[in-house]
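Presented below is the structure to which this report refers.
Protein chains in written order, with our numbering: chain A, 6 to 515; chain B, 6 to 515.
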């Protein structure tokens, strides 16, 4: 497909002043997606965007293989009765949590477990009404846990660690945004089953290490936070959310890990025979990520000229721009092709832009697409035995053609480092310590400064749920949860005054 | 996931006597899929089966990249009005074909274009009825051709060559069979747009070359046949079907290429500005393949011991079985691990079976899964500096450990060649020349021998549609179409007696 050039790509909104216009503009201008498909919230992935997503997926596959997860593929459609079963479980756990009792002590009324509201239904096929309605998977717990009892017999079958990368669906009623809030979601989900709670905890720890390695490749700093109990999916015992801080100060959950304990196993009959032949319930976890990873890459790294792609997932890592003059066009093109072949042979994703247009126009196009390194090759460069390198984020130098593979790899590594540092600085700048709270004589709390709408705040916190509610209503922000990285030494809780290392984050989230 | 061993895998039906029992047994016994998912015709892909499918996909991606196709990802859901548009087009073309007139001369009544019968409908989401009903893609013509006018402006944008590998859906009412007839289909579809009919013809030629390369890797001989007009999708001008002959004599269409001429372009307004600034309609093609490729691999290559996987797509190409004795277990395991690391480092997919069970049981398990090469490593082998190699299809020899990478690659290449030869022989044996037809005094035709239900037949044919109908009703077989490989010299048409090189195939198809 030829590149569309021209006016559609001009007039990029200023990112810092107007992130909410910049983002939707840039995802289309850089040819990541086309939003003109006739269903809202379902974009067409264009080749450039899909390639970037597939490169992220390749990193995920690599990590799954390193950690002995096996890839499966489950059907998209799930029979309605499994949703009822999930809803019954979730309603039960929610009530047990609210009433502080053991779920096994509760009974639900028939109509107490309502239908999930956010799924798409398939109730007709051809001209028939289906006997059993089905829904499009939002995630695959129920589909998978129906099969687990058939696969798990004894402790020798554990741990069971499987994953899939699939399309999932959510009947989204809020405003949609490419990658961030869509109705068909490109989704990764890992599901595991273990002998006990501790083994499942270890799995969550492994998941967080995987997240760290993936985020290193994407050059993205994250916040890992244990969600507050009132914001934890009731099916989970606890949830660790992984958030990227977007430039507008909003947090974007790009991944999450749930420890399910044996709650689902009890509902779905997932047991194993222990070493003494006794039947035990499995403990389970899930780990999910989605195309939001690409949304975070776009939002965090881009600038007023377009995207900046982390080298690990750049569909094109190096673009070669031949700078030809009439008298040496053939020679320059031949040298460019040789350079391309050399880099490509070394596993570098490289492209020649041989279009017959002004070099400045080419630079402009590849800047929008965020190609990390541009190599210009003109008669003078060739005479010097070098190519002229320009980094997307700034910085130019000549690279000796003799060592070009090594030098380009070094450039790409340095660009990655620069992107990590730059993103970390942005991230740290946005996180602030919450101004002090003070309590009036009537017992009501107030805050001693204004809350900046484009920041997120941290507090030492060891108060009650009611205290949390006070803080949320004072600040207009929500509890993101307890950061897995605590304060190194104890501080005083901002509301109860109790000594604590708990570092709680407050934000507005997507 | 641990391998399930034991009685579930015993008692494989005899393939030659009872292919229709052997096939469904083996797809589950070899852990390709699990059919116990609660929706009929929607299997769960288990890790081993999914890995094989992903390796087939990798070959497809390789071929698409070599031929400058770009990968996209379209939404699964398509608005109902696009199905109406397709049905109007197809009905119009069908009537035009029947009446022998130009489609532009026809008008359709409102109710003449019925709704496609085989799609799943999404008409509800959450508790709402959707304003615009949507359906799950059976293929993506309408979804894509809605976007093509936005992407194609001038001849410089052509050819447009895109593809995707996605889940598609068919509301299948016939009996389902894993990979062969399913309701959720793992599907590859390439869609192209060209300046004219000739350029689109060239695309079909390129597609057929791609098919040949893929089939070479899968070690599968195929029939390429231009479908008879009455069996051509009315949306297409012509269709080339690519069939594998299964051991029971049935043909399985594993791929197809359609030349759409400008029929869809006229309906969807897909035009380009020619070099003289005139608006012209694009000519289009599609090329589809599916998980049936894996079904063909299973059906053609397997035997009474299980699968035989072509090395190019074998999830495990080599299994190492350490043959340990008490006094040398550590040494043998260390040597096995070293061997694994050597082969793996050379890009060979290899696994050690270190389970604490009898070697014979291990051999049995890997035979069912069709691992092409087994390497046994015992004290005597180690003393000789060799590993003992057993090919899945028969043949044993010692391989020198010093040259093991080279020797294993040679074994795999020879196994592939053996599989190709074996499959070609099966294929040729099943294709027979149709016994002579003779015409009685009353003009009615009869056939001079019995039709063998497990064969397919070829005939020289240059008769009318009525002649074809006579042959179909006499033989109980269907016209598969005109083989792209014609007779080298002219023969007499079996019914009209006219001289012709046309080689027509008759079969029962899946």
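Ideal Cβ positions, reconstructed from N, Cα and C, are used throughout, including at glycine. Please read these numbers as outputs of a predicted model, since none were measured by experiment.
CB contact check: residue i to chain B, cutoff 9 Å
i, result
"residue 191 (chain A)", "yes"
"residue 133 (chain A)", "yes"
"residue 57 (chain A)", "no"
"residue 277 (chain A)", "no"
"residue 374 (chain A)", "no"
"residue 48 (chain A)", "yes"
"residue 148 (chain A)", "yes"
"residue 151 (chain A)", "yes"
"residue 87 (chain A)", "yes"
"residue 355 (chain A)", "no"
"residue 167 (chain A)", "yes"
Extent of the continuous alpha helix (DSSP H) run through residue i
i, result
"residue 34 (chain A)", "24-34"
"residue 176 (chain B)", "Note, residue 176 (chain B): premise wrong, no alpha helix (DSSP H); not H, not E."
"residue 156 (chain B)", "146-156"
"residue 259 (chain B)", "Run containing residue 259 (chain B): none in the alpha helix (DSSP H); it sits in the beta strand (DSSP E), 255-266."
"residue 69 (chain B)", "52-71"
"residue 413 (chain A)", "409-435"
"residue 90 (chain A)", "85-104"
"residue 386 (chain A)", "384-389"
"residue 477 (chain A)", "470-480"
"residue 355 (chain B)", "Segment 355-357 is the beta strand (DSSP E) holding residue 355 (chain B); no alpha helix (DSSP H) there."
"residue 301 (chain A)", "297-306"
Delimiting residues of the beta strand (DSSP E) encompassing residue i
i, result
"residue 450 (chain A)", "450-452"
"residue 508 (chain A)", "508-514"
"residue 239 (chain B)", "Segment: none, residue 239 (chain B) is in no beta strand (DSSP E) and carries neither H nor E."
"residue 133 (chain B)", "133-141"
"residue 443 (chain A)", "442-444"
"residue 130 (chain B)", "125-130"
"residue 324 (chain A)", "323-327"
"residue 274 (chain B)", "Unbroken run through residue 274 (chain B): none, as it is neither H nor E."
Residue i at chain A interface by Cβ criterion, 9 Å
i, result
"residue 294 (chain B)", "no"
"residue 347 (chain B)", "no"
"residue 439 (chain B)", "no"
"residue 172 (chain B)", "yes"
Residues of its chain near residue i, where Cβ-Cβ distance is below 7 Å and the 5 sequence neighbours each way are ignored
i, result
"residue 72 (chain B)", "211, 215"
"residue 432 (chain A)", "226, 250"
"residue 518 (chain A)", "Here chain A covers residues 6 to 515 and nothing more, so residue 518 (chain A) does not appear."
"residue 194 (chain A)", "144, 145, 168, 169, 291, 293"
Neighbour-count burial assignment, residue i, 16 or more Cβ in a 10 Å radius
i, result
"residue 330 (chain A)", "exposed"
"residue 512 (chain B)", "buried"
"residue 345 (chain A)", "buried"
"residue 493 (chain B)", "exposed"
"residue 451 (chain B)", "exposed"
"residue 430 (chain A)", "exposed"
"residue 183 (chain B)", "buried"
"residue 189 (chain B)", "buried"
"residue 407 (chain A)", "exposed"
Cross-chain neighbours of residue i in chain A, by beta carbon under 7 Å
i, result
"residue 176 (chain B)", "130, 131"
"residue 36 (chain B)", "Near residue 36 (chain B) there are no residues of chain A at all, since even the closest Cβ is about 10 Å away, more than 7 Å."
"residue 51 (chain B)", "77"
Nonlocal neighbours in the same chain, by C-beta distance under 8 Å from residue i, ignoring five residues either side
i, result
"residue 17 (chain B)", "27, 30, 31, 34, 309, 310, 311, 373"
"residue 177 (chain B)", "46, 123, 186, 187, 188"
Residues of its chain near residue i, where Cβ-Cβ distance is below 6 Å and the 5 sequence neighbours each way are ignored
i, result
"residue 260 (chain A)", "216, 247, 294"
"residue 94 (chain B)", "272"
"residue 350 (chain A)", "none"
"residue 403 (chain A)", "391, 393"
"residue 320 (chain B)", "53, 56, 57"
"residue 470 (chain B)", "none"
Interface partners of residue i on chain A, CB under 9 Å
i, result
"residue 44 (chain B)", "80, 82, 83, 84, 137, 139"
"residue 123 (chain B)", "130, 131"
Listed by chain order, chain A residues near residue i by CB distance under 8 Å
i, result
"residue 41 (chain B)", "152, 155"
"residue 127 (chain B)", "125, 126, 127, 141"
Residue i CB to nearest heavy atom of the ligand NAP below 8 Å
i, result
"residue 275 (chain A)", "Although the ligand NAP was asked about, the structure shown includes no ligands whatsoever."
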